[in-house]
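For reference, the structure is listed below as structure tokens.
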Amino acid sequence: MLIIPSRRRGALVGGLLFFVTLLLDSFWLWQITNWPITFLTFVQSVLFILSLPWLALLSYWLYALLTLRYQLDRNRLLIRQGATWQVIPLPEIEKVELGLQLTSPLRYRGAWWPGCRIGHGEVLDAGPTLFYATTPASQQVILVTATHAYAISPPEPQTFLREFELRRSMGPTHKVERSSHRPAFANWAFWSDRTALTLLTLGGVTTAILFGRLCRRYSSLPPRLALHFNTRGLVDRIGQRSELFTLPVIGLIVLATNSLLGFLLYRREKAGAYLVWGSTLAVHILLWLALGQLMG
Numbered sequence: 000m001l002i003i004p005s006r007r008r009g010a011l012v013g014g015l016l017f018f019v020t021l022l023l024d025s026f027w028l029w030q031i032t033n034w035p036i037t038f039l040t041f042v043q044s045v046l047f048i049l050s051l052p053w054l055a056l057l058s059y060w061l062y063a064l065l066t067l068r069y070q071l072d073r074n075r076l077l078i079r080q081g082a083t084w085q086v087i088p089l090p091e092i093e094k095v096e097l098g099l100q101l102t103s104p105l106r107y108r109g110a111w112w113p114g115c116r117i118g119h120g121e122v123l124d125a126g127p128t129l130f131y132a133t134t135p136a137s138q139q140v141i142l143v144t145a146t147h148a149y150a151i152s153p154p155e156p157q158t159f160l161r162e163f164e165l166r167r168s169m170g171p172t173h174k175v176e177r178s179s180h181r182p183a184f185a186n187w188a189f190w191s192d193r194t195a196l197t198l199l200t201l202g203g204v205t206t207a208i209l210f211g212r213l214c215r216r217y218s219s220l221p222p223r224l225a226l227h228f229n230t231r232g233l234v235d236r237i238g239q240r241s242e243l244f245t246l247p248v249i250g251l252i253v254l255a256t257n258s259l260l261g262f263l264l265y266r267r268e269k270a271g272a273y274l275v276w277g278s279t280l281a282v283h284i285l286l287w288l289a290l291g292q293l294m295g
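Under numbering that gives the first Met the number 0, think of the first position of the sequence shown as 0, with each following residue one higher.
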């Protein structure tokens, strides 16, 4: 029995979010390329860059929503969305609850907009819960096992409950093991490594600070200024103020290079990866000092 949840509302709202983000990106990009360099253009640049992973995540959630389906037989319930699926043997389902019967608070993380509830959280009456639904909690069906609960949204909950009980009463034709599958990248240990995430985040933040500091001062700097001093502290090169961006760009190149090297090292030598990522911060401190000296 193949069950397709209602996905139209979620797809429309998600598509609207995607379209609005693209409009904002177009506006920010136009501002960045046409306005003089100020702190405002820096902020718009940061927003534009941050919107790119948001668009990627939103695309993944929309793909998951549009491919969401359930398949029920005498042996198991199969939940599938995108490249992820859950196989739940029917004998392991201890109880089935309608959302209307659940009065406890709900904690949730994941895609959450009208017509899309894909993520994980906790229903205090049911425990840790995986959500594969397109309706509000009050209209979901909660399948509770010994370790997890699964929230789904068949178009006709009462019909689903009758079909579920009918197939469970008939008994399984063969034994099915509970299993789950996710894309390989979703299982990387890196995502739960706080040290790695902190070092990379700090590297990105310090890179942004270098650019932001220069953009904030840029309009007040003289068109030409000293860019290099000899060993006696005398100016030996004068150039355009735009050449100051060489320092933040170096910081960006160091961030990209060290991030890649750290990823290559991570699976075999975590300490080495941490050292490489940490060295990015040391380079950025030196660039900060050099930039401050040149700007005066």
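Glycine is no exception: its CB is placed at the ideal position from the N, C-alpha and C atoms.
Original post:
Counting along the chain, where does the beta strand (DSSP E) carrying K94 start and finish?
Top reply: K94 -> beta strand (DSSP E) spans 94-97.
Original post:
Since W29 is in the beta strand (DSSP E), which residue starts that stretch and which ends it?
Top reply: Looking at the DSSP string, W29 is not in any beta strand (DSSP E); the run it does join, the alpha helix (DSSP H), is 7-33.
Subject >> Cβ separation of G277 and L198, assumed to be a contact under 8 Å, to the nearest whole Å >> reply: Yes, G277 and L198 are in contact; Cβ-Cβ is about 6 Å, under 8 Å.
Original post:
Among R177, T279, L46, Q30, which one has its Cα closest to the Cα of L251?
Top reply: Considering only alpha carbons, the answer is T279.
**OP:** Give the single residue among Y217, T200, R73, G98 whose Cα lies nearest to the Cα of T133.
**Re:** Of Y217, T200, R73, G98, the residue nearest in Cα terms is G98.
Original post:
Between V248, P4, A183, V253, which lies nearest to R79 when the distance is taken from Cα to Cα?
Top reply: P4 is the residue among V248, P4, A183, V253 whose C-alpha sits nearest the C-alpha of R79.
**OP:** For the region 32-45 and the region 206-223, state whether three or more C-beta atom pairs, one from each stretch, are separated by less than 8 Å.
**Re:** Three or more pairs of CB atoms, one per stretch, sit closer than 8 Å, so the region 32-45 contacts the region 206-223.
Original post:
Shorter than 9 Å from the beta carbon of L290 to some beta carbon of chain C?
Top reply: Absent from the structure: chain C. Only one protein chain is present.
**OP:** Assign I117 to buried or exposed, taking buried as 16 or more other Cβ atoms, counted over all protein chains shown, within 10 Å of its Cβ.
**Re:** Burial call: buried.
Subject >> Nearest-angstrom Cα separation, counted from F18 out to L196 >> reply: Put simply, the backbone Cα of L196 is about 30 Å away from that of F18.
Subject >> Reduced DSSP category for I36 - H, G, I as helix; E, B as strand; rest coil >> reply: It is coil, neither helix nor strand.
Original post:
Of the choices R73, G291, A110, L11, whose alpha-carbon is the least far from that of H227?
Top reply: Comparing alpha carbon positions, the residue from R73, G291, A110, L11 closest to H227 is G291.
Subject >> Of the listed residues L259, R266, L243, nearest to L286 (C-alpha basis) >> reply: When C-alpha distances from L286 are compared across L259, R266, L243, the shortest belongs to L243.
Original post:
Roughly how many angstroms lie between the CA atoms of V282 and V253, to the nearest whole one?
Top reply: V282 and V253: Cα-Cα distance of roughly 8 Å.
Original post:
Between the Cα of R267 and the Cα atoms of F189, L293, G211, L246, which residue gives the shortest distance?
Top reply: Comparing Cα-Cα distances from R267 to each of F189, L293, G211, L246, the minimum goes to F189.
**OP:** Kindly list the residues whose CB is nearer than 8 Å to the CB of E93, restricted to its own chain and excluding five residues on each side of it in sequence; keep chain order.
**Re:** V143, T144, A145.
**OP:** Go ahead and pull the three-state DSSP assignment for G291.
**Re:** DSSP places G291 in helix when its eight states are reduced to three.
Original post:
When the Cα of W111 is compared with those of K269, P88, R8, V95, which residue comes out closest?
Top reply: Out of K269, P88, R8, V95, R8 has the C-alpha closest to the C-alpha of W111.
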